[in-house]
Structure formats: structure tokens, C-alpha cells
Ligand code: NAD
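Residue numbers (this note's numbering): 5 to 288.
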């Protein structure tokens, strides 16, 4: 079997069109959605991500504010910026690009973003609401993964889903969202035994490890849907996922490429969250 590709770029374009249509409707009611993106320091990858998010906003008709602070910014200074954005009623979403320089406590910054403007879905309130199935902002990467799985026509309900990775931003929420769709979910991590066996039982396999080629062909069940969240800079200077794409493609029914898979979808889902934040703020 040769897997079909889940085209993240095409899906992301469709999601952004969906966001743009909602922006139009909000603008007709006098509301212009606005996302503030805060970048501290000069990390090259973060600069690329932030540029991408600002471009996405422009494509969707969302206003954006880019706040760039020096590497030496103190926690108090950053918190003061976040507080000002939190109090600014024209700003609907606040995103502080991670990672932050060592002198800043990430948790303190995330906690300072009001839940209603936390379009990354990282604040404890949104995480808690997701856990109990209340309306919230879903974290963009896992929410994008679910859209990608559903785009294949796969009914997640009743499927064996395996997530490799248990980070707060990808692995854990991906597992929770799959559970909310009635999958039977196993979370694997660095201490998991029998990893190959567990993965090979997965109808849906989500890899979020951060190690190039970690998922080998023998870890993929024939006919599985494989979602590769990993972004790893290879020795060849190119981006690679966590999955051995060539080997997994021979077994899976569907697979996401890297690049052009989960990455673009993550950014597109951020646009939907921002529009939703504006809609809620406007009382619609
Ligand atoms: P992380 O380092 O926080 O978590 C990695 C997880 O992998 C950990 O939970 C760990 O337990 C697990 N792990 C490590 N070694 C393992 C092993 N030998 N066996 C089983 N599990 C093991 O990383 P993260 O933030 O969750 O990101 C994971 C990957 O996804 C990275 O490559 C990151 O760049 C990428 N990522 C991509 C997007 C996107 O939009 N595409 C978004 C976020 C993260």
C-alpha cells in the first residue's frame, strides 16, 4: 500500500478561507479581529514563525500587532507589555512566542494572558476547560491534527489512537482531543516499554517526539493514519519529521508530510481562534 498524503498546505488554505469569511462578517458588524504577537529576542526560528503568523493575519483580514523586545527584556518588562495588551479592548488575541530567554519564567507569562485572549490555548483555564469539554480555545497544533485526521474521512470514534509524546503543548492535548472524539487512546513517552508493539497497534498514530526518523516502518500498522508533528533540522539542513516518511508511506493509508503538514495547519488554527476571540468579545 502506498499512503495518500494529507496536504497540510491545502487544508490550511481552506481553514484560512473559513477564517477570512468570518472576519468579513465581523467587520460588517464593526469588529476587526486583532492578534498581538510578542517576540522576545532574536531566535531565528521564532522570527520565521512570527513572520508567518503576521502574514496569515494579513491574508485573513485580521489586524496584527507585532511587539518585538530585546533578548535582555526582564520578566517585569514583558509582563507589563502583556498587561497592557490584556487591558486593550481592541486586541482580541495575545500570543507570546515561545521559547523565552532564560531570565523569564514562561509560566508567569502564560498565566498573565487572560483566558479569553489566550488564543494559543496554553493557559491553565483553557487547558482545564478542554479537559472537561467546555468551550475553550483549543491548542492550535493538536486541533490541527484532529482536522487533518478528519479530512481523510476517518471516523475517529472507536479507533485505537497512539500519541508519542506527552508535552503540555502537543502530546497531552492531542491525546485529550482524540479521547473527546471517542478514540481509545494510549500515550507513549520516554519511559514507555514495548513502544514498537504499541505503535504498531494504532489505527491513528500521532508522533510528537522531536527526533528525526524516530517512527520506523515496523511501528506503523497497515492502513493507519499517521500524523507527524515533529520538526527537526536534519544534517542536510532541511526540515524532517519524526516519522521515516518513505518506510511509513508503504504501510499507512494516510500520512502527513514534513514540511507542508502539521506546521501550516497549526498556523491556520490560530487564525480561527483569533476570530473566535473577537466574536466572543463582541458578544456575538
Ligand atoms: P517536547 O520535547 O516537549 O516533548 C517530546 C516528548 O517526546 C516528551 O513527552 C517525551 O516523553 C517524548 N519522548 C522523548 N523521547 C522518547 C522516546 N525515546 N520514546 C518515546 N517518547 C519519547 O516536544 P514538543 O514541544 O511536544 O514537540 C515535539 C515535536 O513537535 C518537536 O519536533 C517540535 O518541534 C514539534 N512541534 C511542531 C509543531 C508544529 O506546528 N508542527 C508545534 C509544536 C511542536
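From the three backbone atoms N, C-alpha and C, an ideal C-beta is built for every residue, glycine too.
- Relative to residue 81, the option among 50, 12 and 43 whose CA is nearest is 43.
- Apart from the 5 residues on each side of it in sequence, residue 18 has no Cβ closer than 6 Å to any other Cβ in its chain.
- Looking at the DSSP output, residue 166 sits in a beta bridge with 190 and 209.
- Taking 4 residues as the shortest admissible run, the segment 78 to 148 contains the following complete alpha helix (DSSP H) segments, listed from N- to C-terminal end: 79 to 91, 110 to 116 and 128 to 135.
- About 5 Å separates the Cβ atoms of residue 90 and residue 118, confirming a contact at the 8 Å cut-off.
- Within a 10 Å sphere around the beta-carbon of residue 101 sit 16 or more other beta-carbons, which makes this residue buried.
- Straight across, the Cα-Cα distance linking residue 92 with residue 121 is about 11 Å.
- Excluding sequence positions up to five before and after residue 69, its CB lies within less than 6 Å of the CB of 40, all in the same chain and listed in chain order.
- Per DSSP, the continuous alpha helix (DSSP H) segment holding residue 60 begins and ends at 48 to 64.
- For residue 75 and residue 271, the gap between their C-alpha atoms comes out near 24 Å.
- Selection around ligand 1 by beta-carbon proximity, strictly under 6 Å to any non-hydrogen atom, yields 145, 168, 169, 170, 171, 173, 174, 175, 192, 193, 194, 196, 199, 212, 213, 214, 233, 234, 235, 236, 266, 267 and 270 in chain order.
- With a 10 Å radius around the Cβ and a threshold of 16 neighbouring Cβ atoms, residue 95 comes out buried.
- Within its own chain, the residues whose Cβ lies closer than 8 Å to the Cβ of residue 7, once the five positions on either side in sequence are excluded, are 230, 252, 253, 254, 255, 256, 257, 258 and 259, listed in chain order.
- Nearest Cα to residue 168 within the set 219, 153 and 127: 219.
- In this structure the segment 149 to 157 does not lie against the segment 126 to 138, because fewer than three pairs of beta carbons, one per stretch, are closer than 8 Å.
- In this structure, residue 277 keeps its C-beta atom at 8 Å or more from the C-beta atom of residue 53.
- If only complete runs of 3 or more residues are kept, the segment 193 to 261 shows the beta strand (DSSP E) at 208 to 211 and 229 to 232, in order along the chain.
- C-alpha of residue 195 to C-alpha of residue 163: approximately 24 Å in a straight line.
- For residue 77, the closest C-alpha among the options 104, 62, 60 and 65 is that of 104.
- According to the DSSP secondary-structure assignment, residue 68 is paired through a beta bridge with 39.
- Residue 246 is positioned such that its CB atom lies no closer than 8 Å to that of residue 266.
- In the three-state reduction of the DSSP assignment, residue 44 falls in the strand class.
- Following the DSSP letters along the chain, one finds residue 277 inside the alpha helix (DSSP H) bounded by residues 266 to 285.
- Taking a 10 Å sphere around the C-beta of residue 37, we find 16 or more other C-beta atoms and assign the residue as buried.
- Take residue 60, set aside five residues on each side of it, and the residues of its chain with a beta-carbon closer than 6 Å to its own are 271 and 275, in chain order.
- One Cα belongs to residue 203, the other to residue 224, and the distance between them is close to 6 Å.
- DSSP places residue 177 inside the alpha helix (DSSP H), whose first and last residues are 175 to 184.
- In this structure, the CA atom of residue 66 is about 37 Å from the CA atom of residue 239.
- Closest in C-alpha terms to residue 144, from the list 261, 180, 199 and 123, comes 123.
- Residue 24 and residue 197 have their C-alpha atoms roughly 45 Å apart.
- In the three-state scheme derived from DSSP, where H, G and I count as helix and E and B as strand, residue 9 is classed as strand.
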